[in-house]
């Protein structure tokens, strides 16, 4: 069975928590005691009905305010697939949390309130999904019950969204009319919208083809990449010469006998053996955690990147990247940070801000020299050591990087690397 | 070629463990002899063999543990030749003159936190790997894989670090530590399926056996070793039971069951309509935010 990670984006008023609750409830993924707990909580709030949204707001302050603050993860499965729901908050002040949640997802559900059509937050969430390279978008046109289940309303919103999608890097868009509150087209087919002949949300989630982590089929998009995490050297009498490089294949395939290059040193060798614990493999694919052995003694340590020699990544000390700034301290030209890509860390300084992106209108704003929390921008960085990477839009695994504040140690920025500056 | 979901989860967990080994100077693996931490040890074998583990196994013993779990713990450490450190809540109570909770349903579970924080200080652990899963409880659903604690061991849900792609940031100041949860994304059923697939041995209390219990508030509590003193209205019974989770005896309830094999246990878990913690953990049901509040205080 395979695994689909998807994010739900939408503000509290769009009914996102209700949608997740409905998905879990109708797919019978809520257990009796959890249901009783939210029934009790619903009653104590005098809401009358069961509030499915209470299933997802796990923190005291979230329940107090009735909003989602931080990313939460939910798990459910059907006979066809396992799912990880990344439940991210939709408010503008939590853009960074949405970026965090979106970074590992293969699909995003963007909720649209049928009464309001494409709104500012629809544009914002779609932009983030696009920047983060999420291959599949589901536009969930919710609250159809409040517009008389009108096919015209649905069609108009589809047209509006298709216009918006043209400006973004999104490819597979699916539109589903629904009422999360009443359960129309979430798990069960709606009887009130006979004009809709497409799949329900769950049917779509169960059958959508996930190909972004495909390995080997298009080598150019998935070249062999292996960031070294740890060197296994038992140094015992019987394993005197054992030296294994432990890591996870973040992209592509490695086979025994492959010619490899170690970056940043540029030394070359060939793969002698691939193993997981005591099991020997002839080949290993993304996202397997394995141990590589090389035919020759090469100086390799944590932070190095082993790549297949036939398709090399970019290695550079000046890089251009899209940045989501995640800290309350300002990001400024001239500031220094620690940059982590794969397992390697190096110091970097901010050379320039090419432009800031208006996350609602997609306009590029020039002449900016500092960024605030939740701002998005294209930036140029200079690194102390060369970094090796692939452009993010080609390869999420080796094109994503983070910025760390050297004094607070906090992760302050998410970088989607574009190329050499 | 596409990996099965269990392979994907396994690979992610191994990756996280190796990040701990690569980023920290003095990590530890918290090991209780329960199924989740047993799974962690198995994952560590896959991550680091033929080398030794880059961390000791650490058990915070409340003194109210099931003997079967303790025996299993000691055998495992010996079999794999890894270092085991045990620290006792009993000692902390004596040395710090802690007040033990008394009365009906009293449990030492909360006092574990004091011993854990002392142990972290004693060995200067900068990272503690634990078997928490996000499906267990709503506050755990919010937790990052690398979860930074301040020098008081406290978790602040509003100050969590963004965690992007598979990049983990373990940089901390001296005195702080990081709780690391490699099986965050696993569910109870995933753990059981993995145990079956990998043929991992478990303590016998996970399988149906006859035992003397008392019925309290509708739950079946073990009387083992007199940890729970029967009160006048408690009914003593002998039943065929198994434990779905193995925690402190005073707050872990048994389930009536005939399932004495892995297959039978998995069938039962697949059919159940009650969550793991809902069925067995008394300590989570004290208030709506019981787990969140304990974590803020330094609980695992």
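Residue numbers (the working numbering), protein chains in the order written: chain A, 3 to 423; chain B, 24 to 323. Built from N, CA and C at the ideal position, the CB exists for glycine as well.
Cut-off 7 angstroms between Cβ atoms - residues of its own chain near residue i, not counting five sequence neighbours on either side
i, result
"residue 153 (chain A)", "197"
Per DSSP, the bridge partner or partners of residue i
i, result
"residue 84 (chain A)", "A:5 and A:79"
"residue 330 (chain B)", "Limits of chain B in this structure are 24 at one end and 323 at the other, which puts residue 330 (chain B) out of reach."
"residue 333 (chain A)", "A:373"
"residue 244 (chain B)", "B:237 and B:276"
"residue 249 (chain A)", "A:230 and A:292"
"residue 305 (chain A)", "DSSP lists no partner for residue 305 (chain A)."
"residue 25 (chain A)", "DSSP, once it has assigned bridges, lists no residue as partnering residue 25 (chain A)."
"residue 391 (chain A)", "A:316"
"residue 323 (chain A)", "A:381 and A:419"
"residue 409 (chain A)", "DSSP lists no partner for residue 409 (chain A)."
"residue 256 (chain A)", "A:286"
"residue 74 (chain A)", "A:89"
Minimum Cβ-Cβ distance from residue i to chain A less than 8 angstroms
i, result
"residue 74 (chain B)", "yes"
"residue 183 (chain B)", "yes"
"residue 28 (chain B)", "yes"
"residue 178 (chain B)", "no"
"residue 164 (chain B)", "yes"
"residue 202 (chain B)", "no"
"residue 68 (chain B)", "yes"
"residue 146 (chain B)", "no"
"residue 159 (chain B)", "no"
"residue 174 (chain B)", "no"
"residue 78 (chain B)", "no"
"residue 238 (chain B)", "no"
Contacting residues, own chain, Cβ-Cβ under 6 angstroms from residue i (five flanking each side not counted)
i, result
"residue 172 (chain A)", "132 and 139"
"residue 42 (chain B)", "191"
"residue 192 (chain A)", "186"
"residue 244 (chain A)", "236"
"residue 98 (chain B)", "none"
"residue 84 (chain B)", "109 and 111"
"residue 106 (chain B)", "79"
Chain B contact for residue i (CB, 8 angstroms cutoff)
i, result
"residue 34 (chain A)", "yes"
"residue 328 (chain A)", "yes"
"residue 241 (chain A)", "yes"
"residue 2 (chain A)", "This structure gives no information on residue 2 (chain A), because the portion of chain A shown stretches from 3 to 423."
"residue 23 (chain A)", "no"
"residue 150 (chain A)", "no"
"residue 209 (chain A)", "no"
"residue 402 (chain A)", "yes"
"residue 4 (chain A)", "yes"
"residue 250 (chain A)", "yes"
Residue i, enclosing alpha helix (DSSP H) - first and last residue
i, result
"residue 115 (chain B)", "112-119"
"residue 94 (chain B)", "90-103"
"residue 135 (chain B)", "135-146"
"residue 194 (chain B)", "Taken as a continuous stretch (DSSP letters only), residue 194 (chain B) belongs to no alpha helix (DSSP H), as it is neither H nor E."
"residue 271 (chain A)", "Run containing residue 271 (chain A): none in the alpha helix (DSSP H); it sits in the beta strand (DSSP E), 269-278."
Range covered by the beta strand (DSSP E) that runs through residue i
i, result
"residue 87 (chain B)", "Run containing residue 87 (chain B): none; DSSP gives neither H nor E here."
"residue 281 (chain A)", "281-283"
"residue 355 (chain A)", "346-359"
"residue 339 (chain A)", "338-343"
"residue 261 (chain B)", "258-266"
"residue 31 (chain B)", "It is not in any beta strand (DSSP E) - residue 31 (chain B) instead sits in the alpha helix (DSSP H) that spans 28-46."
"residue 108 (chain A)", "Residue 108 (chain A) -> no beta strand (DSSP E), and no H or E assigned at all."
"residue 141 (chain A)", "138-144"
"residue 124 (chain A)", "From DSSP, residue 124 (chain A) is part of no beta strand (DSSP E) but of the alpha helix (DSSP H) over 122-133."
"residue 251 (chain B)", "Neither: residue 251 (chain B) is in no beta strand (DSSP E) and is coded neither H nor E."
Close Cβ partners of residue i (< 8 angstroms) along its chain, the five nearest in sequence each way excluded
i, result
"residue 122 (chain B)", "none"
"residue 357 (chain A)", "366, 367, 368, 370, 379 and 380"
"residue 292 (chain B)", "211, 212, 215 and 267"
"residue 223 (chain B)", "61, 62, 65 and 217"
Short CB-CB distance (under 8 angstroms) between residue i and chain C
i, result
"residue 11 (chain A)", "The structure shown contains no chain C; its protein chains are A and B."
>> So if I threshold CB-CB distances at 7 angstroms, which residues from the region 31-65 of chain B count as touching chain A?
In response: 31, 34, 37, 38, 41, 42, 44 and 45
> Taking a cut of 9 angstroms between CB atoms, which residues from the region 208-233 of chain B lie near chain A?
Replying inline: 208, 209, 210, 212 and 213
>> If the cut-off is 7 angstroms on Cβ atoms, which residues from the region 91-119 of chain B count as contacting chain A, listed in chain order?
In response: none
> Quick one, which residues of the region 301-319 of chain A are near chain B if we go by CB-CB under 9 angstroms, in chain order?
Replying inline: 304 and 305
>> Beta carbons nearer than 9 angstroms to chain B: which residues of the region 73-102 of chain A have them?
In response: 73, 74, 75, 76, 77, 78, 79, 83, 84, 86, 89, 98, 99, 101 and 102
> Between the region 164-186 of chain A and chain B, which residues of the former have a C-beta closer than 8 angstroms to a C-beta of the latter?
Replying inline: none
>> Taking beta-carbon pairs under 9 angstroms, can you tell me which members of the region 327-346 of chain A lie near chain B?
In response: 328, 340, 342, 343, 344 and 345
>> Beta carbons nearer than 9 angstroms to chain B: which residues of the region 258-274 of chain A have them?
In response: none
> Listed from N- to C-terminal order along the chain, which residues in the region 183-197 of chain B have their beta-carbon within a distance smaller than 8 angstroms of any beta-carbon of chain A?
Replying inline: 183, 184, 185, 186, 187, 188, 189, 190, 192, 194, 195 and 196
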